[in-house]
Structures are given as C-alpha cells and as structure tokens.
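Residues in the sequence shown are numbered from 3 upward in steps of one, following this note's numbering. One structure is given below, encoded as structure tokens.
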Amino acid sequence: MKGNEIRKRFLEFFKDRGHTIQPSRSLIPEDPTVLLTIAGMIPFKPIFTGEIKSDLKRVVTSQRCLRTNDIENVGKTARHHTFFEMLGNFSFGDYGKKETIRWAWEFLIKELKIPKERLWVSVYEEDEEAFDIWHKEEKVRRDRIVRLGSEHNFWAIGPTGPCGSCSEVIYDRGKKYSCGRPTCGVGCDCDRFLEVWNLVFMEYNRDQEGRLRPLPRKNIDTGMGLERLAMILQEKENTFDTDFLKPIIDYTASLSGVGYGPDRIKDLALRIIADHMRAIVFLIYDGVLPSNVGRGYVLRRIIRRALSQGRNLGLAKPYLHKLVSIVIDIMKEPYPELSKDKEHMERIVLGEEKRFLETLEQGMKVFDDLLIHLLREKRKEISGEKAFELYDTYGIPIDLTQEVAAEHNLTLDKRGFDMAMEEQKKRGRMAWQEIGQSRVKTIYNRLAKELKATRFKGYDRTTLKAEILAIIKTDKRVKKAKAKDEIDIILDITPFYPEAGGQTGDSGTITKRGTRIEVLDTQRPLPEIIVHRAKIIKGSIRKGDKVEAGINIGKRLATTRNHTATHLLQGALKRVLGRHVRQTGSFVSSDRLRFDLTHFAPLTDEQLSRVEEMVNEKIRKNVKVEVSMMDLKEAKKRGAIFLVGEKYGKRVRTVKIGDFSLELCGGTQVEATGEIGLFKLVSESGIAAGVRRIEALTGKGACRFMKEI
Ligand SMILES: [Zn+2]
Ligand SMILES: [Zn+2]
3 MKGNEIRKRF
13 LEFFKDRGHT
23 IQPSRSLIPE
33 DPTVLLTIAG
43 MIPFKPIFTG
53 EIKSDLKRVV
63 TSQRCLRTND
73 IENVGKTARH
83 HTFFEMLGNF
93 SFGDYGKKET
103 IRWAWEFLIK
113 ELKIPKERLW
123 VSVYEEDEEA
133 FDIWHKEEKV
143 RRDRIVRLGS
153 EHNFWAIGPT
163 GPCGSCSEVI
173 YDRGKKYSCG
183 RPTCGVGCDC
193 DRFLEVWNLV
203 FMEYNRDQEG
213 RLRPLPRKNI
223 DTGMGLERLA
233 MILQEKENTF
243 DTDFLKPIID
253 YTASLSGVGY
263 GPDRIKDLAL
273 RIIADHMRAI
283 VFLIYDGVLP
293 SNVGRGYVLR
303 RIIRRALSQG
313 RNLGLAKPYL
323 HKLVSIVIDI
333 MKEPYPELSK
343 DKEHMERIVL
353 GEEKRFLETL
363 EQGMKVFDDL
373 LIHLLREKRK
383 EISGEKAFEL
393 YDTYGIPIDL
403 TQEVAAEHNL
413 TLDKRGFDMA
423 MEEQKKRGRM
433 AWQEIGQSRV
443 KTIYNRLAKE
453 LKATRFKGYD
463 RTTLKAEILA
473 IIKTDKRVKK
483 AKAKDEIDII
493 LDITPFYPEA
503 GGQTGDSGTI
513 TKRGTRIEVL
523 DTQRPLPEII
533 VHRAKIIKGS
543 IRKGDKVEAG
553 INIGKRLATT
563 RNHTATHLLQ
573 GALKRVLGRH
583 VRQTGSFVSS
593 DRLRFDLTHF
603 APLTDEQLSR
613 VEEMVNEKIR
623 KNVKVEVSMM
633 DLKEAKKRGA
643 IFLVGEKYGK
653 RVRTVKIGDF
663 SLELCGGTQV
673 EATGEIGLFK
683 LVSESGIAAG
693 VRRIEALTGK
703 GACRFMKEI
C-alpha cells in the first residue's frame with residue numbers, strides 16, 4: 003500500500019465516523035511559546051487547555067511535524083526522524099476511551115488487515131478501565147496487554163494543565179529485531195517492539211499544587227507515525243525503505259555513484275540526508291530561512307548536518323538543492339502547493355550550501371594552524387573547547403575532527419566537547435524562552451485582570467472624551483501625578499493606536515482644564531489594555547479624571563499613508579517577483595516604511611522600477627480601501643495574505659484594495675489609495691540569506707525626496 007494511500011485511508015476512516023478532516027498546519031505553531039510543531043495535537047493545544055473555545059468536536063489530521071531532540075539517532079535506528087507526519091484523531095469533550103480504543107483496533111486489523119498476532123497493547127498500570135475495554139470488548143488476550151508505569155503511559159501537556167493516562171498499540175517485528183537482552187519486551191527501546199499508535203485520554207487537570215482534578219470536558223488525542231505504519235504495511239526493514247524516503251536515497255546514491263546497502267557509513271549518510279532533506283523542504287515551505295537564531299538556526303543546523311554527510315559519499319560540491327524536487331515529487335499529492343515554491347527552495351538551499359562550504363574551507367585552515375601548533379608543542383590532545391569552536395564557528399563536524407586528530411596521533415577530549423555542546427543547548431533553550439514569553443511586567447498582568455478592557459476607537463475617531471482608569475509611575479500604580487512626571491496612563495476608551503503589526507503607536511495629547519499631558523507613544527502590553535506613555539507638561543491628574551484624548555493627526559495620517567502603501571507594495575512585489583514572496587517583517591512610521599521579504603537575489607533596477615510604477619498606478623486610480631471583519635476561514639478561502647507564525651482569532655479584520663490586495667491587518671488605512679499621493683522607493687538591500695529589505699516614502703516625504711534629488 004502506497005504511503006499516500008495509507009494517509010487517505012486513515013482520514014477517510016475517521017471521516018466516516020463523524021470527524022472533520024482538517025489540513026495539516028504549519029511547522030511553525032500559532033502558539034508563540036512553542037518552537038516547532040512536534041506533534042499532531044500542537045495546533046489544538048489552545049483548545050485542550052481551554053484557552054480558546056471551539057465548536058469543533060471530532061477532528062482528524064495528518065499533521066507535518068518536526069523534532070530535533072532525536073536528531074543524533076536519525077539513520078541509526080529503523081524509526082527515528084526529524085520530519086515526519088503524524089496521523090491523529092481528536093475529540094474535544096465528545097467521545098471517550100471506549101470509542102477511541104474500538105476505532106484504533108478496527109482501523110488496524112479490519113481496515114489495514116494487520117495480523118492480530120503481531121499486535122500488543124500497553125495500558126497505564128492504574129487504568130483498569132482501559133484494560134477492561136481492550137480485554138472484554140475488543141477481545142485482546144490478557145497476556146497481550148502490558149501494564150506500564152507513568153514514565154511510559156502517562157501524558158501531560160506540561161508541569162500543570164491537562165494530562166491523563168495513555169494506551170499504546172505495539173507491533174512486534176519478530177525475534178530477529180530484538181536486542182537480545184533478557185528483559186526485551188514491550189517498552190524496550192530496541193527495534194523489535196515498535197510503538198505504532200499512542201492513545202491519550204486527557205481526563206485530568208493538574209493544578210499548581212500538583213493535584214489531579216477531573217476535567218469537565220474530557221478530551222482524546224491520538225498520534226500514529228505515518229512512516230512507521232508505512233514500514234509495517236510495505237513490509238520494509240526500516241522507515242527509510244518506504245516510498246516516503248527511498249526515492250531520495252536512490253537519487254542521492256546515483257548522484258554520488260555509490261550503492262545503497264553494502265557500506266555501513268555510506269548507508270547511514272544516505273539515510274541522514276534523506277531524512278534531513280524532507281525537514282529542509284518543509285521548513286522553507288513554512289517560511290523559515292537559515293539564520294543564527296530560533297527556527298532559522300534549526301534549519302541551518304539541519305542543512306549543515308546533511309551537507310557534511312555528503313563528504314562520506316564523495317560529494318564535495320553543493321548537491322542538496324538537487325534533492326528538493328525529489329522531495330516535492332513524493333509529497334506533492336497532499337501538498338500540491340510545494341511545486342510552486344520549488345525554485346525558491348532550491349535557491350535558498352544552494353545559497354546556504356555555498357556559504358557553508360566557504361566557512362568550512364576557512365575552518366579547515368584554522369584547523370591546520372591548530373594542528374601545526376599542537377604538534378610543535380608536542381601536545382597529545384585536542385581540547386573539547388577547541389573542537390567545539392571548530393564545530394560551532396566553522397561547522398566542522400566532530401567526527402571529522404576526530405578522524406584528522408587520529409591521523410596525527412592526537413586524541414580528542416570528547417567529554418569536553420559534549421559538555422560545551424550541552425552548555426550551548428542550554429543557552430539556546432534560554433534564548434528561545436525569552437523570545438517566546440513576552441516579558442510583560444507583572445503590573446500590567448494585574449491591571450489587565452482588574453480593569454475593563456480598553457475600548458479602541460481610533461479607526462474612525464481622532465479625539466474622544468475618556469476617563470483615567472489607572473496611572474502608573476515607575477512600575478507602581480499611583481492615585482495622582484503632577485507636572486514633569488513621566489507616567490503611563492490607561493483610559494476606558496481611546497483613539498490612540500497602539501504599536502502593532504509593524505505600525506508605530508500614536509502620539510498626541512491628553513488634556514483637561516489647566517492640565518496638558520503629552521503622549522509620546524502608545525503600546526499594548528497585553529491584548530486587553532492600551533497604555534499611553536506620557537509626560538505631564540502642566541497641571542496635574544488624578545485617577546477618575548475626565549479628560550479629552552486627541553491624537554497628533556498629521557503624524558497619524560502620514561503613518562496611515564505609509565501603511566496602506568505597504569499593502570500595495572506587497573501586491574506589486576508578488577506580481578513582479580512571484581508568489582514565493584513572503585513578508586518577514588515590516589515597520590511603518592510617519593516618516594517612512596520598511597518592508598522585509600523573502601527573495602533570493604537582489605532586485606534588479608528593472609524590477610524595482612516596475613514595482614514602483616505599479617504602486618503609483620494604483621494610487622492614481624484612487625482605489626477604494628475596504629475594511630471588513632470576517633471569519634478566519636472565509637478570509638483564507640478568499641486567499642488573504644496572513645503572516646506565518648502570527649496568532650489570529652476566529653474573526654479577523656481584512657483590508658481589501660480592489661482586486662489588487664487582500665490582507666489580514668489590524669492597522670489604520672486610508673479610505674482610498676489617492677490619499678497616498680506618491681510612492682518612492684529609496685533603498686533595497688539584503689539583510690540575511692534570502693531576505694531583502696525595501697524602504698520607501700509616501701506623501702509629503704516622497705515629494706520632499708523628489709525635490710532633493
Ligand atoms: Zn529489546
Ligand atoms: Zn497592514
């Protein structure tokens with residue numbers, strides 16, 4: 003049975019049982035605190051934790067996933083991968099254990115006709131209910147049901163939150179795959195007993211004190227590796243021989259002229275490359291570019307690991323980019339859009355390959371110098387620190403360092419290297435946490451709970467009467483403030499736009515009789531509250547005062563012109579450069595706009611002038627800008643542009659400019675494009691591999707610029 007067929011059968015099976023088939027989500031989760039989609043349940047995490055309410059009851063998916071925690075095992079075992087697909091059926095407060103177990107069993111033995119004799123089942127040692135369902139209702143023999151402890155069969159979302167027992171279905175591949183240890187059995191981590199399907203019964207919530215309380219709505223989360231299932235059904239030795247990965251191995255083998263099978267080192271290299279190549283393609287597909295931070299660093303490391311394996315195959319020149327099309331061929335059935343991004347992906351991979359090979363060459367020179375130095379000093383060992391530096395700065399793999407060291411009769415401090423590596427991983431985790439959890443001051447957390455949410459009326463009002471709900475001075479809440487004080491003010495209602503989506507916050511004034519406060523900036527530290535960063539020029543204020551809030555209109559209008567212009571700019575870029583163009587960042591203030599996009603090469607003068615002309619043509623046509631609220635689903639269906647990795651609610655604000663542009667956007671917009679007046683590109687540059695930055699002016703700023711040149 004072909005891999006694609008297995009996926010289809012799974013989705014259909016659960017569709018027939020009342021599940022909605024949902025498409026695979028991005029590898030970049032909507033939840034900003036999670037680095038990557040590591041399991042099928044990640045997209046539904048906010049539903050499981052109760053963070054968002056959803057009408058969904060039963061869902062089935064084949065979710066693309068990426069994990070790096072087992073990366074060192076990839077290729078060495080029959081089953082570890084970085085990229086993989088996870089088949090899963092989910093129930094949100096709908097069906098329970100009984101149905102979950104019945105359908106899992108039915109799917110495996112009736113639908114896929116996997117022989118019963120091959121299957122084992124494990125349950126959590128205290129879960130009598132699950133044991134009984136397997137034994138009494140599904141007629142699984144007692145001696146085929148294994149009770150395992152919490153380290154195997156109890157699942158938790160984190161230290162607190164939803165959790166519950168699990169039950170697993172295990173496939174016995176037979177004695178010849180056993181590690182041979184007397185304890186080898188279900189739960190052993192060798193290649194004999196293969197965990198096929200994990201059924202999680204989310205029945206409890208663990209509170210701060212560690213107590214388990216039953217959840218009001220019990221949930222089901224299941225996960226089954228598609229590649230593993232394919233390996234069983236296609237009767238292969240390992241997942242690499244299935245039709246998901248074998249064509250990549252075959253092609254790489256043919257590129258290098260080596261065979262697959264006879265040589266352990268070469269086979270390992272081929273498997274690592276095949277695995278990593280799928281991760282590379284899908285990371286780029288989901289908008290990640292190689293860099294030194296966060297997900298970009300994950301991608302860079304995977305590309306480098308794959309590339310350095312080429313050395314074992316005699317592939318010295320860039321070759322990974324040639325494998326992009328093979329991966330697309332395998333995956334285009336569930337992901338028809340992959341083909342459109344082919345050239346973009348190839349260029350990014352090739353660029354990174356070249357960059358890495360250059361660095362590697364530099365690194366080898368540094369390595370040579372080090373060797374000369376060590377030998378002259380009659381030293382016997384390369385320190386772990388040095389080896390790590392070679393690896394971290396120049397990408398020289400540790401096994402290469404080891405090999406070269408051995409050639410010169412030097413030993414290598416592997417422990418020191420491992421320690422340095424561990425340190426770096428720790429630093430990486432910390433850096434990520436800092437990005438993920440916005441450091442919102444506790445004062446705002448408290449205020450957000452106490453106060454009513456600020457009502458924002460700035461889309462159609464520039465001045466408003468408002469009441470002062472809170473005054474914050476140096477992180478403390480105060481009752482009053484006087485002249486010269488620098489304070490944060492929270493109002494019940496405001497026309498001030500808080501910095502968001504790349505658009506800077508409004509400035510302006512807050513006044514009452516005898517008092518004048520200058521608002522320098524507006525921020526939204528939490529969704530509920532808008533904070534006016536202000537300085538009292540004269541007079542004083544108290545909590546509860548009625549005031550007049552008015553924005554600096556000239557500055558707002560200039561910012562708005564720039565904002566709508568970024569929408570036109572994006573529309574033009576997609577038409578001139580191609581649909582692979584994605585916004586990776588933007589900055590819109592009153593005096594200029596900046597737009598970062600994914601594109602591999604510098605834009606030519608001709609492309610730049612076409613983009614500029616296209617935007618100006620739309621301005622001259624004075625196209626109406628229509629803002630409306632709609633369901634996220636509807637917006638996606640209409641092809642609206644939304645930012646990868648951004649979190650969106652169910653109802654979204656969309657901005658439509660004729661048939662030229664449709665974007666999800668919360669920023670302020672002109673009523674018709676004519677207000678922008680004039681659009682002038684002022685610079686184009688590269689800021690990272692595959693990312694270009696464009697800066698432009700509109701309105702008065704553009705006119706002034708034209709006069710000066
Ligand atoms: Zn074993
Ligand atoms: Zn916008």
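Glycine is no exception: its CB is placed at the ideal position from the N, C-alpha and C atoms. Note that the coordinates shown come from a computational prediction; the quantities given were computed from them, not determined experimentally.
Beta-carbon proximity list for residue i, same chain, < 6 Å, skipping 5 on both sides
i: THR102; result: LEU201 and ILE222
i: LEU110; result: ILE116
i: ARG463; result: PRO497
i: VAL480; result: ILE473
i: LEU301; result: LEU285, VAL290 and PRO292
i: GLY552; result: THR465, GLY510 and THR511
i: ALA433; result: Low local confidence applies: a pLDDT of 43 at ALA433 is under 50, so the model's placement there is unreliable, and no value is given.
i: GLY573; result: PHE662 and SER663
i: TYR126; result: ASN155, PHE156 and SER167
i: LEU570; result: VAL617 and LYS620
i: ARG612; result: VAL578
Start-to-end residues for the alpha helix (DSSP H) that takes in residue i
i: GLY701; result: 701-710
i: GLU520; result: Premise fails: GLU520 lies in the beta strand (DSSP E), 517-528, not in any alpha helix (DSSP H).
i: THR2; result: Residue 2 cannot be examined here, being either before or after the span of the chain that is shown, 3 to 711.
i: TRP107; result: 99-108
i: ARG303; result: 296-311
i: PHE92; result: Premise fails: PHE92 lies in the beta strand (DSSP E), 85-94, not in any alpha helix (DSSP H).
i: GLY1; result: The displayed coordinates of the chain run from 3 to 711. Any statement about residue 1 would go beyond what the structure contains.
i: VAL368; result: 344-378
i: GLN65; result: Careful: GLN65 lies outside any alpha helix (DSSP H), inside the beta strand (DSSP E) at 60-68.
i: THR403; result: 400-409
i: GLU211; result: Segment: none, GLU211 is in no alpha helix (DSSP H) and carries neither H nor E.
Sequence-distant residues of the same chain with beta carbon closer than 7 Å to residue i, five excluded per side
i: THR20; result: The sequence given here places Gly at residue 20; Thr does not occur at that position. Excluding positions up to five away in sequence, the list reads ARG60.
i: GLN404; result: LEU414
i: GLN525; result: PRO500, GLU501, GLY507, VAL533 and ARG535
i: HIS565; result: GLN505, VAL590, GLY669, THR670 and GLN671
i: SER440; result: Reliability fails at SER440, whose pLDDT of 38 lies under 50, so the model's placement of it is uncertain and no value is given.
i: GLN435; result: Reliability of the predicted coordinates at GLN435 is poor, the pLDDT of 38 falling under 50, and no value is obtained from them.
i: LYS342; result: ARG581
i: LYS178; result: none
Residue span of the beta strand (DSSP E) that contains residue i, given as start and end
i: TRP199; result: 195-208
i: VAL188; result: Here VAL188 belongs to no beta strand (DSSP E), and DSSP marks it neither H nor E.
i: MET226; result: 214-227
i: GLU469; result: 465-475
i: SER663; result: 663-666
i: ALA255; result: From DSSP, ALA255 is part of no beta strand (DSSP E) but of the alpha helix (DSSP H) over 248-258.
i: LYS482; result: 482-484
Same chain, Cβ closer than 8 Å to residue i, neighbours up to 5 away in sequence not counted
i: MET715; result: Because the chain spans 3 through 711 in this model, residue 715 falls outside it and cannot be assessed.
i: CYS705; result: GLY679 and LEU680
i: GLY688; result: PRO604, ARG694 and ARG695
i: GLU710; result: none
i: VAL76; result: HIS82, HIS83, THR84, ARG273, ILE274, ASP277 and HIS278
i: LEU214; result: CYS165, TYR206, ASN207 and ARG208
i: ILE531; result: TYR446, LEU449, ALA450, LEU453, ALA455, THR456 and ILE492
i: LYS459; result: LEU466, ILE495, THR496 and PRO497
i: GLU128; result: SER167
i: PRO249; result: ILE328, ASP331 and ILE332
C-beta neighbour in chain D for residue i, strict 8 Å
i: GLY20; result: Absent from the structure is chain D; it holds one protein chain and no more.
* Examine the Cβ distances between the stretch 221-230 and the stretch 36-55 and report whether three or more of them are shorter than 8 Å. => yes
* **Environment of ligand 2 in chain order, Cβ to heavy atom below 7 Å** => GLY503, HIS565, THR568, HIS569, VAL657, GLU665, CYS667 and GLY669
* **Secondary structure, beta strand (DSSP E): runs of 3+ residues fully inside the stretch 10-40** => none
* Is it a yes or a no for the stretch 651-668 touching the stretch 548-558, going by three-plus beta-carbon pairs under 8 Å? -> no
* What does the shell around ligand 1 hold, if a residue joins when its beta-carbon is under 6 Å from any heavy atom? -> SER180, CYS181, ARG183, CYS186, CYS190, CYS192 and ARG194
* Curious, which full-length beta strand (DSSP E) runs of at least 3 residues does the stretch 585-626 contain? -> 585-590 and 595-600
* Sequence ranges, alpha helix (DSSP H) only - wholly within the stretch 103-176, length at least 4 -> 130-134 and 152-155
* Asked: So does the stretch 91-98 actually touch the stretch 159-179, counting three or more Cβ pairs closer than 8 Å?
  -> no
* Asked: If you pair each beta-carbon of the stretch 297-312 with each one of the stretch 383-402, do three or more pairs fall below 8 Å?
  -> yes
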